[in-house]
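Whatever position you read off the sequence shown (first residue = 1), add 58 for the working numbering.
C-beta atoms are modelled at their ideal positions from N, C-alpha and C, and glycine is treated no differently.
All of these numbers come straight from a predicted model, not from anything done at the bench.
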Amino acid sequence: MVDDYRDLGQYFVVFNEVAAAARYRGTVTYQELAHLIGLPIVGSYMGREIGKILGRISRAEHELKHPLLSAVAVTVGGIPGHGFFELATELEEFSGATEEERREFWETEIKRVHEHWRKKF
Numbered sequence: 059m060v061d062d063y064r065d066l067g068q069y070f071v072v073f074n075e076v077a078a079a080a081r082y083r084g085t086v087t088y089q090e091l092a093h094l095i096g097l098p099i100v101g102s103y104m105g106r107e108i109g110k111i112l113g114r115i116s117r118a119e120h121e122l123k124h125p126l127l128s129a130v131a132v133t134v135g136g137i138p139g140h141g142f143f144e145l146a147t148e149l150e151e152f153s154g155a156t157e158e159e160r161r162e163f164w165e166t167e168i169k170r171v172h173e174h175w176r177k178k179f
């Protein structure tokens, strides 16, 4: 799952933040996640590192037959980056190619995530 203890700590910080966003039917930006784990908030390094962690999280959730939790992690534009859709394609959850198909898939997936993670009383 993770390569070392530093990765383990970062994984759980990010997991907790995306799970909280999902429980409260919200989103969290890649920049907010990067800040939480001490990464630069811009640049390709940040994107790669956050992408790796979010990919691990969504793979683990997918193995449990849960929706892709990383759907709540978005760019400042309000929609996930290309890595989210590449992973969804790899996991055979998505097969679209157009921006409209991406947006439709994401809107459906984030609803599934919010429903799965909502607070139940």
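Considering residue i, what are the terminal residues of the alpha helix (DSSP H) in which it resides?
{"i": "T147", "result": "140 to 148"}
{"i": "L112", "result": "102 to 121"}
{"i": "I168", "result": "157 to 175"}
If I'm right that residue i touches residue j with Cβ under 8 Å, what's the distance once you round it to whole angstroms?
{"i": "R161", "j": "R81", "result": "Not confirmed; about 23 Å, so no contact."}
{"i": "V76", "j": "V86", "result": "6 Å"}
{"i": "V171", "j": "L127", "result": "6 Å"}
{"i": "V134", "j": "G84", "result": "No, V134 and G84 are not in contact; Cβ-Cβ is about 15 Å, not under 8 Å."}
Residues in its own chain within less than 7 Å of residue i by CB, not counting five upstream and five downstream?
{"i": "V71", "result": "L94, I95"}
{"i": "A79", "result": "T85, V86, V130"}
{"i": "L91", "result": "V72, E75, I108, A131"}
{"i": "F152", "result": "F143, A146, F163"}
{"i": "E124", "result": "At residue 124 the sequence reads His, which differs from the Glu that was named. Only H174 meet the Cβ criterion."}
{"i": "G154", "result": "R160, F163"}
Among the options, which residue has its Cα nearest to the Cα of residue i?
{"i": "L122", "options": "R83, S153, H174, K178", "result": "H174"}
{"i": "H120", "options": "E150, R106, G105", "result": "E150"}
{"i": "I108", "options": "G136, F73, A79", "result": "F73"}
{"i": "E158", "options": "I137, Q89, A118, H124", "result": "I137"}
{"i": "G139", "options": "P125, A118, M104", "result": "M104"}
{"i": "E187", "options": "K178, F142, R106", "result": "Residue 187 is absent from the model: the chain starts at 59 and stops at 179."}
{"i": "E148", "options": "S116, H124, K178, T156", "result": "S116"}
{"i": "L66", "options": "I168, T156, S102, R114", "result": "R114"}
Once the 5 residues before and after residue i are set aside, which same chain residues still bring their CB inside 6 Å of it?
{"i": "Q89", "result": "I99"}
{"i": "L97", "result": "M104, E107"}
For residue i, which residues of its own chain have a beta-carbon under 8 Å away from its beta-carbon, when the five flanking residues on both sides are left out?
{"i": "I168", "result": "T85, A129, V130"}
Could you pull out every unbroken alpha helix (DSSP H) segment of at least 4 residues lying fully inside the segment 68 to 101, listed in chain order? 88 to 94
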